[in-house]
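Enquirer: Provided herewith is a single structure, encoded as structure tokens, for subsequent inquiry.
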Amino acid sequence: MKTELERQLEQIEAIGDDHIGTSAVTPLRADAFEMSNADKLASIQKDVAHIMETLGLDMTDDSLKGTPKRVAKMFVNEIFSGLHPDNKPNVSVFDNNYKYGEMLVEKNITVYSTCEHHLLPIVGRAHVAYISNGTVVGLSKMNRIVDYYAKRPQVQERLTMQIVQELQRAMGTEDVACVIDAKHLCVNSRGIRDIESSTVTSEFGGKFKEEATRREFLDYIKLDTDF
């Protein structure tokens with residue numbers, strides 16, 4: 005008779021490399037932020053050291069002994085900093101006093117994220133657009149929203165949806181779209197090891213669900229922006 009652990013492992017293996025997400029909300033425990041960052045750093049440092057020791061590495065070596073601390077700081081302060089709501093950017097919106105009524109597109113926003121299945125990097129570009137319904141947002145805030153949601157364990161589908169939903173909330177309009185084209189090192193550097201493939205995801209809200217508006221957005225993305 006199979007143990008609970010064996011059944012869980014079978015479920016994990018069945019998922020394999022598929023990018024499966026349960027919703028647009030990052031799965032977090034209710035007590036996710038009860039532990040201070042200092043305590044998280046200390047705990048992660050010990051865990052990383054244990055993993056390295058288990059692999060047989062000599063943790064007294066000058067090149068390795070600082071690695072657990074560096075990894076802990078990277079996890080908490082950098083690549084997973086988007087988990088903490090205190091780091092969420094303040095998205096200021098302004099009245100569209102100049103009455104610009106066409107689509108605004110911010111393209112080629114750099115995406116650095118981490119695959120939640122193997123904790124390997126996701127690297128690519130995001131293209132975000134909106135149509136004003138009376139308010140506009142600072143251009144850099146669009147980049148900051150992408151960066152905030154990227155800095156957490158992710159699946160690309162969820163990241164794309166979170167970016168659109170956050171801008172929709174901030175601007176009070178459904179007319180927001182996002183396309184992400186990214187490479188996943190869990191595909192490129194392990195498993196099938198296909199270094200050429202990339203993953204494209206999209207989320208279209210409001211007017212962007214209409215074919216003509218969506219086509220206009222996709223045509224803007226194709227524009228040559230080498231200066």
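With positions in the sequence shown counted from 1, the corresponding number in this note's numbering is that position plus 4.
From the three backbone atoms N, C-alpha and C, an ideal C-beta is built for every residue, glycine too.
DSSP three-state label for T205, please.
Expert: DSSP places T205 in strand when its eight states are reduced to three.
Enquirer: Give me, in chain order, the residues of the same chain whose beta-carbon lies closer than 8 Å to that of R194; leave out the 5 immediate sequence neighbours on both sides.
Expert: The residues are H122, L124.
Enquirer: Give the DSSP-derived three-state secondary structure of N112 in the structure shown.
Expert: N112 falls in the strand class under three-state DSSP.
Enquirer: Can you tell me whether L163 is buried or exposed? The criterion is at least 16 other CB atoms within 10 Å of its CB, across all chains shown.
Expert: When all chains shown are included, L163 counts as buried.
Enquirer: At least one CB of chain C closer than 8 Å to the CB of K92: is that the case?
Expert: Absent from the structure: chain C. Only one protein chain is present.
Enquirer: Going along the chain, which residues of its own chain have a beta-carbon closer than 7 Å to the beta-carbon of G142, five neighbours each way excluded?
Expert: If we look at G142 and ignore the five residues flanking it on each side, its Cβ neighbours are S96.
Enquirer: Would you identify the three-state DSSP class for T118, choosing helix, strand or coil?
Expert: In the structure shown, T118 sits in a strand (DSSP, three-state: E or B).
Enquirer: Anyone know if the C-beta pair for V168 and C182 falls short of 8 Å?
Expert: Yes. Within cutoff.
Enquirer: Cβ atoms of P72 and T118: under 8 Å apart, would you say?
Expert: Cβ atoms of T118 and P72: not closer than 8 Å.
Enquirer: Closest to M78 by C-alpha separation, out of T64, D62, A46, would be which residue?
Expert: Taking only the C-alpha atoms, the option nearest M78 is A46.
Enquirer: Spatial neighbours of F98 within its chain, please: C-beta separation below 6 Å, excluding the five flanking residues on both sides.
Expert: Excluding sequence neighbours, F98 sits near V140.
Enquirer: With which residues is K98 paired in a DSSP beta bridge?
Expert: In the sequence on display, residue 98 carries Phe and not Lys. Answer by DSSP bridge pairing, in chain order: V140.
Enquirer: Using DSSP's beta-bridge definition, name the partner residues of D35.
Expert: Paired residue(s): none; D35 is not in a bridge.
Enquirer: List the whole-angstrom C-beta distance separating E110 from M146, where the pair is believed to meet the contact cut-off of C-beta under 8 Å.
Expert: At roughly 5 Å, the Cβ-Cβ gap stays under 8 Å, so E110 and M146 are in contact.
Enquirer: Under 8 Å, do N101 and Y152 count as touching if we go by C-beta distance?
Expert: Contact flag unset, no.
Enquirer: Determine the burial state of E207: buried for a count of at least 16 other Cβ atoms within 10 Å of its Cβ, exposed for fewer.
Expert: Classification of E207: buried, given that the 10 Å Cβ count is 16 or more.
Enquirer: For G138, I'd like the list of residues in its chain whose CB is within less than 6 Å of its CB, leaving aside the five on either flank, ordered along the chain.
Expert: Within the same chain, G138 has close Cβ partners N100.
Enquirer: Tell me the residue span of the alpha helix (DSSP H) that contains H54.
Expert: Segment 41-58, the alpha helix (DSSP H) holding H54.
Enquirer: Which partner residues does P157 have in the DSSP bridge list?
Expert: Its beta-bridge partners are T118.
Enquirer: Rounded C-beta distance between V204 and D185? I'm assuming under 8 Å.
Expert: That pair is a contact at about 5 Å.
Enquirer: What is the residue span of the beta strand (DSSP E) that D223 lies within?
Expert: That residue, D223, is in no beta strand (DSSP E); its alpha helix (DSSP H) goes 215-226.
Enquirer: Using a Cβ-Cβ cutoff of less than 7 Å, which residues in the same chain neighbour G86 once the five nearest sequence positions on both sides are dropped?
Expert: Same-chain partners within the cutoff: Y152, Y153, A154, K155, R156.
Enquirer: Output the boundary residues of the beta strand (DSSP E) element that contains P125.
Expert: Run containing P125: 125-135, per the beta strand (DSSP E) assignment.
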